[in-house]
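Read through the structure below, which is laid out as structure tokens, and then see the notes.
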Amino acid sequence: IEMAQKLLNSDLAELIAKMKLAQQYVMTSLQKDYKKQMLMAAHALAVDAKNLLDVIDQSRLKMITQTRPH
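Letter 35 of the sequence shown, counting from 1, is numbered 35 in full-length UniProt numbering, and no numbers are missing.
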């Protein structure tokens, strides 16, 4: 989970950097490029967050099934 947290922190930092660039270049010819990069960074963050939640959910379900008496 710690590795996933580091990855999510990195993804979030990347998104923040891309958002700043998108804001800096708003109303210029580069606006579309920076907006696209920002959306790609947001997508990467969302996918990695979903993967972490899936792992946590699978672990939780595994613990529940292991603690039930047979």
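Where is the CB? At the ideal position from N, CA and C, for every residue including glycine.
Go ahead and label M63 buried or exposed: buried means 16 or more other beta carbons lie within 10 angstroms of its beta carbon, across all protein chains shown. exposed
To the nearest angstrom, how far is it from the Cα of residue 71 to the Cα of Q58? A question about residue 71 goes unanswered here, because the residues of the chain that appear run from 1 up to 70.
Using 8 Å as the threshold, is the stretch 44–57 in touch with the stretch 16–35, meaning 3 or more CB pairs across them? no
Run the CB neighbour count on M38, radius 10 Å, all protein chains shown included, and call it buried at 16 or more, exposed below. buried
Tell me which residues share the same chain as A41 and place their Cβ nearer than 6 Å to its Cβ, disregarding the 5 neighbours each side in the sequence. E14, L15 and K18
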